[in-house]
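Have a look at the structure below, then the notes.
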Amino acid sequence: MLHPPRARLWSADRATGSVEVGEAAAPPRYALLGVRPCDVRAVGMLDRVLTGGQHADPVYSGRRDGAFIIAVECTEPGATCFCASMGCGPGAESGFDLAMTELVDSEGHRFVARAGTPAGAELLADVPSRAADEATIRRAGAAVDEAADHMGRTMPTQGLPQLLAGSRESPHWDDVASRCLTCGNCTMVCPTCFCTTTEDVTDLTGDHAERWRVWDSCYALDFSYLHGGSVRTSGQSRYRQWISHKLGTWHDQFGSSGCVGCGRCIAWCPAGIDITQEVAALASLQDAADADED
Ligand code: SF4
Ligand code: SF4
Numbered sequence: 079m080l081h082p083p084r085a086r087l088w089s090a091d092r093a094t095g096s097v098e099v100g101e102a103a104a105p106p107r108y109a110l111l112g113v114r115p116c117d118v119r120a121v122g123m124l125d126r127v128l129t130g131g132q133h134a135d136p137v138y139s140g141r142r143d144g145a146f147i148i149a150v151e152c153t154e155p156g157a158t159c160f161c162a163s164m165g166c167g168p169g170a171e172s173g174f175d176l177a178m179t180e181l182v183d184s185e186g187h188r189f190v191a192r193a194g195t196p197a198g199a200e201l202l203a204d205v206p207s208r209a210a211d212e213a214t215i216r217r218a219g220a221a222v223d224e225a226a227d228h229m230g231r232t233m234p235t236q237g238l239p240q241l242l243a244g245s246r247e248s249p250h251w252d253d254v255a256s257r258c259l260t261c262g263n264c265t266m267v268c269p270t271c272f273c274t275t276t277e278d279v280t281d282l283t284g285d286h287a288e289r290w291r292v293w294d295s296c297y298a299l300d301f302s303y304l305h306g307g308s309v310r311t312s313g314q315s316r317y318r319q320w321i322s323h324k325l326g327t328w329h330d331q332f333g334s335s336g337c338v339g340c341g342r343c344i345a346w347c348p349a350g351i352d353i354t355q356e357v358a359a360l361a362s363l364q365d366a367a368d369a370d371e372d
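For the sequence shown, the residue numbers in this note's numbering are 79 to 372.
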């Protein structure tokens, strides 16, 4: 929604000699209802990547500036979720206008809501509500804490940048490559992946031309094409690049991990590749190598 798969960068007309820079229409204004805490964190990461540098991305910031985010904390994690071990859920701490926690118990079905911004407080004041008592607030907190205790997966997070940097020549990459189809699904569903490429198109007369920005994937052969060829020609090098950036070098670039533990890359991998299991396999190979050295 905030970083669209396709966006027009400019268009040009030969007949009029005009060039129009930017999208054809004004950016849409979104109210995003039911955003899970992992995705709220992912939006924060995209803010850092796409607006935190010297040149803010106009497509992203045009949508982001007008967005209103209503987060819903998780009380029922999915089988592929591991946000708790990434410190990105299941509770929402910041980055929302309103946050809600759903409670269903003997006292009925209700939401405990809290405002994160003045705009959130304004909306809250407009809907029927009453002040939550201490017991209700405690129950909402307990429901979120309980969700953290039964996540479907766990990511070993200790020293991941070092683990990935030290695993550059690991034999495990060949093992992953024997299963990975380099389809790029994991990058398409990842809420923090942001890479793009550009496409130039013309109409049939050649009088009208446009340049579009479209999502790209580090699994595509062309992604690392420099003069003369692609740098990462093998599947193993492309998987290694993705996971090493996401969990390792992202820290150097943006000051945090690039993974929020949403589990989508696991759910949508046609080969059943699980990022938490691959990290665990790399860690156990590293431990074995360290033991051999000792
Ligand atoms: S979704 Fe799975 S098979 Fe496809 S590129 Fe990612 S890890 Fe490889
Ligand atoms: S790497 Fe996988 S689990 Fe982590 S944020 Fe991306 S899709 Fe979610």
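We treat Cβ as the ideally placed atom computed from N, Cα and C, and that holds for glycine.
Every value quoted in this text rests on a predicted model; they were computed, and no experiment measured them.
- Taking the Cβ of cysteine 340 as the reference point, at least one heavy atom of ligand 2 falls within a distance shorter than 6 Å.
- Contact between the stretch 198-210 and the stretch 287-301 is absent: fewer than 3 CB-CB pairs across the two stretches fall below 8 Å.
- Secondary structure at methionine 229: coil, using DSSP grouped into helix, strand and coil.
- For serine 322, the number of other beta carbons within 10 angstroms of its own is at least 16, and it is reported as buried.
- For cysteine 343, the shortest C-beta to heavy atom distance toward ligand 2 is below 6 Å.
- Selection Ser362, Asp281, Ala369 and Cys343 evaluated against alanine 93 yields Asp281 as nearest (Cα-Cα).
- Here aspartate 294 carries a coil assignment [DSSP, helix/strand/coil].
- Distance from the CA of alanine 109 to the CA of glycine 173, rounded to the nearest whole angstrom, comes to 14 Å.
- Within the same chain, Thr158 come within 7 Å of alanine 345 by CB-CB distance, once the 5 residues on both sides are set aside.
- Sequence-distant Cβ neighbours of leucine 360 in its own chain, meaning closer than 8 Å and more than five residues away, are Leu241, Leu242, Ser245, Ser248 and His250.
- Between the stretch 225-237 and the stretch 145-163, the count of C-beta pairs closer than 8 Å reaches three or more; the two stretches touch.
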